[in-house]
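Just below is one structure, and these are the notes that go with it.
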Amino acid sequence: MKLNRHIIIDRDGVINHDSESYIKNPNEWNAIDGSLEAIKLLTDSNFNIYIATNQSGINRGLIKYSDFVDINVKMLNAISTAGGEIAAITYCPSHPDENSPNRKPNTGMFTNLASRFNFNLKDCYSIGDSPRDIEASVNSGCQPIAVKTGNGKLIEKNNTHKVKIFDNLLAAAKYII
Numbered sequence: 274m275k276l277n278r279h280i281i282i283d284r285d286g287v288i289n290h291d292s293e294s295y296i297k298n299p300n301e302w303n304a305i306d307g308s309l310e311a312i313k314l315l316t317d318s319n320f321n322i323y324i325a326t327n328q329s330g331i332n333r334g335l336i337k338y339s340d341f342v343d344i345n346v347k348m349l350n351a352i353s354t355a356g357g358e359i360a361a362i363t364y365c366p367s368h369p370d371e372n373s374p375n376r377k378p379n380t381g382m383f384t385n386l387a388s389r390f391n392f393n394l395k396d397c398y399s400i401g402d403s404p405r406d407i408e409a410s411v412n413s414g415c416q417p418i419a420v421k422t423g424n425g426k427l428i429e430k431n432n433t434h435k436v437k438i439f440d441n442l443l444a445a446a447k448y449i450i
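Okay, structure coming up:
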């Protein structure tokens with residue numbers, strides 16, 4: 274593990290383009306311009322980078338688990354090719370109605386990462402594109418940052434937590450470092 278610098282990043286809408294019908298297979302995964310460069314920049318700045326992503330499409334029967342794994346493999350290969358590193362990916366397949374403690378805006382994925390990798394969430398940044406990402410960040414004690422990609426315009430319209438909002442992951446990464 275690197276120095277005590279940690280960041281939790283949402284996947285869909287932050288690293289890759291999102292879809293209302295879900296990212297269901299590797300062919301549908303496409304990086305947002307600058308996101309791979311951002312992860313390299315954070316890696317080069319000694320951040321431990323974690324991905325925490327809600328994936329209810331799995332429990333809804335819209336995404337096969339094997340396809341979810343293949344999507345992440347494609348993403349990790351693209352990140353690695355760009356010179357970035359991801360310490361861990363955590364996900365919650367639960368449907369919103371299940372009220373899972375791990376599904377954002379709940380904090381389970383964040384607290385599990387902090388426990389597993391032995392860091393304090395107060396010393397951790399979190400970047401997301403949706404109100405539930407920001408809620409999870411605030412509720413867990415992270416330093417929240419929003420991006421306008423994905424669903425970020427919703428945060429921009431109703432920024433109740435007064436979080437910093439950037440155009441994309443690259444702009445957010447440049448601010449953090």
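Letter 99 of the sequence shown, counting from 1, is numbered 372 in the working numbering, and no numbers are missing. All C-beta atoms, glycine included, are put in the ideal place defined by N, C-alpha and C.
Local Cβ density within 10 Å of residue i, reported as buried at 16 or more and exposed below that
i	result
Pro417	buried
Thr433	exposed
Asp370	exposed
Asp402	buried
Asn350	exposed
Asn327	buried
Residue nearest to residue i in terms of C-alpha spacing, selected from the options
i	options	result
Lys281	Ser373, Asp306, Glu358	Checking the displayed sequence, the identity of residue 281 turns out to be Ile instead of Lys. Here the closest residue by C-alpha is Glu358.
Thr380	Ile407, Asn298, Lys421	Ile407
Gly330	Cys365, Asn385, Leu386	Cys365
Gly334	Ser318, Tyr295, Lys313	Tyr295
Residues that residue i bridges to, as DSSP identifies them
i	result
Val420	Phe439
Gly401	Ala419
His532	Outside the shown range of the chain (274 to 450) lies residue 532, about which nothing can therefore be said.
Ile280	Ile322, Tyr398
Ala387	Answer is none; Ala387 lacks a bridge partner.
Asn289	Asp285, Ala304
Short CB-CB distance (under 8 Å) between residue i and chain C
i	result
Ile281	The structure shown contains no chain C; it is built from a single protein chain.
* Which parts of the segment 312 to 365 are runs of the alpha helix (DSSP H), unbroken and 4 residues or longer, counting only runs that do not cross its ends? -> 329 to 332, 338 to 354
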